[in-house]
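For the record, the sequence lines run as chains A and B. At position 16 of the first sequence (counting the first as 1) the number is 16 in my numbering, and the numbers step up by one without a gap. At position 133 of the second sequence (counting the first as 1) the number is 270 in my numbering, and the numbers step up by one without a gap. Quick notes on the structure that follows.
There are 2 protein chains.
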Amino acid sequence: MNTSEAIELLKNKGFKATGKRKDILTYFESVDGYRTAKDLIQHLEETYEGISFDTIYRNLHLYSEVGILETTELNGEKHFRMNCTHHHHHHFICKDCGKTKEIEICPMEEVKRTLSNYEIEDHKFEIYGLCPSCQHA
Amino acid sequence: MNTSEAIELLKNKGFKATGKRKDILTYFESVDGYRTAKDLIQHLEETYEGISFDTIYRNLHLYSEVGILETTELNGEKHFRMNCTHHHHHHFICKDCGKTKEIEICPMEEVKRTLSNYEIEDHKFEIYGLCPSCQHA
DNA sequence: TTTGTAAATAGGAATGATTACGATTCTGAG
DNA sequence: CTCAGAATCGTAATCATTCCTATTTACAAA
Numbered sequence: 001m002n003t004s005e006a007i008e009l010l011k012n013k014g015f016k017a018t019g020k021r022k023d024i025l026t027y028f029e030s031v032d033g034y035r036t037a038k039d040l041i042q043h044l045e046e047t048y049e050g051i052s053f054d055t056i057y058r059n060l061h062l063y064s065e066v067g068i069l070e071t072t073e074l075n076g077e078k079h080f081r082m083n084c085t086h087h088h089h090h091h092f093i094c095k096d097c098g099k100t101k102e103i104e105i106c107p108m109e110e111v112k113r114t115l116s117n118y119e120i121e122d123h124k125f126e127i128y129g130l131c132p133s134c135q136h137a
Numbered sequence: 138m139n140t141s142e143a144i145e146l147l148k149n150k151g152f153k154a155t156g157k158r159k160d161i162l163t164y165f166e167s168v169d170g171y172r173t174a175k176d177l178i179q180h181l182e183e184t185y186e187g188i189s190f191d192t193i194y195r196n197l198h199l200y201s202e203v204g205i206l207e208t209t210e211l212n213g214e215k216h217f218r219m220n221c222t223h224h225h226h227h228h229f230i231c232k233d234c235g236k237t238k239e240i241e242i243c244p245m246e247e248v249k250r251t252l253s254n255y256e257i258e259d260h261k262f263e264i265y266g267l268c269p270s271c272q273h274a
């Protein structure tokens, strides 16, 4: 998903497209990886001095709800990234820079067969480590 | 792992086996599933009125360090369970009761081949939903 | 069994991320 | 242009977790 698709989606759902909301989207589009609320605040304060925590967290939550952002938990902090809507896949996540690499492998079909009497709602498959460029830094 | 194996391990590493430490272990042995620090506090306060947060968290952390407990993050809270040491596997986790079911499937060999230039440190594969008995409650 | 000491705990304050809320400002439909 | 509802501000509150110092305890060695 990119910024304009996300704004489109917001408007369709009846949410207003404010300047801050757009800037949050362009931020996540530009960084291409997982970022924390703190990262986002730091970025937005350059433009909007004294922006409220409320605005940050409310919008992060909203974007997660409507599927614009996806989220994961890394050492006690929530991290967010633009949602990849094109197809089902998982991610390698670099612990250093937060960038991700898509993994096409998903064993859920096999898992579902072995859990036939369980009601499966969700699953998480993530690989953590250092990406090639962070290995040398 | 069970309580006596865990106590053995503690002593081998030079840690003291206090009454509270033993009770934490028997608690996790008896519940057989993921529990939060809060759950544990609630249980221990029946025996040890006014037990300190410090004691709880310090020991949870210690047990994770030495491999007695394993940990996962469910909606913003750390959850702990007795470590299954016998072989590598993953878990279905019931969102309602916290109980788990082992999943033997793990696609990491395949993933490693596709990430040859990445330094893989860890991975997480978890399935969430409702177990058979919680579906009817 | 007693003792010495390093480890463990109590009690509560501090921290850090996140959420809540009344007052104010802004967006966008009409 | 107007105006109602949505969004934001500024800050306090909350919640899980960590930190700190004084006190207590486990257990190795005498």
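Ideal placement from N, C-alpha and C gives every residue a C-beta, glycine not left out. Given the structure is predicted, the values throughout are model-derived calculations rather than measurements.
Asked, Found
"Taking Cβ positions, are Leu44(A) and Lys16(A) nearer each other than 8 angstroms?", "no"
"Measure the alpha-carbon distance for Cys221(B) versus Met138(B) and round it to whole angstroms.", "6 angstroms"
"With C-beta atoms as the reference, is Leu267(B) less than 8 angstroms away from Asp233(B)?", "yes"
"Using alpha carbons as the reference points, say which of Lys11(A), Cys106(A), Asp122(A) and Pro132(A) lies closest to Tyr63(A).", "Lys11(A)"
"Just how far apart, CA to CA, sit Gln135(A) and His61(A)?", "33 angstroms"
"Excluding five sequence neighbours on each side, which residues of the same chain lie with their C-beta closer than 6 angstroms to the C-beta of Ile264(B)?", "Phe229"
"At what residue ranges does the region 71–101 of chain A contain a whole run of the beta strand (DSSP E), taking only runs of 3 or more?", "77–82 and 90–94"
"In terms of alpha-carbon separation, which member of Phe190(B), Thr192(B), Asp259(B) and Ser141(B) lies closest to Ser167(B)?", "Ser141(B)"
"Would a check of beta-carbon distances place Cys84(A) closer than 8 angstroms to chain B?", "no"
"Taking just the CA atoms, how far does His216(B) sit from Asp136(B)?", "What is shown of chain B runs 138 to 274, which leaves residue 136(B) out entirely."
"For Phe125(A), write down the residues that DSSP places opposite it in a beta bridge.", "Phe262(B)"
"In terms of DSSP beta bridges, what is Ile103(A) paired with?", "His90(A)"
"So, is the C-beta of Leu40(A) closer than 8 angstroms to a C-beta in chain B?", "no"
"So, is the C-beta of Tyr255(B) closer than 8 angstroms to a C-beta in chain A?", "yes"
"Within 10 Å of its beta-carbon, does Asn254(B) have 16 or more other beta-carbons around it, so buried, or fewer, so exposed?", "exposed"
"Distance check for Ser189(B) and Thr209(B), CA to CA, integer angstroms please.", "23 angstroms"
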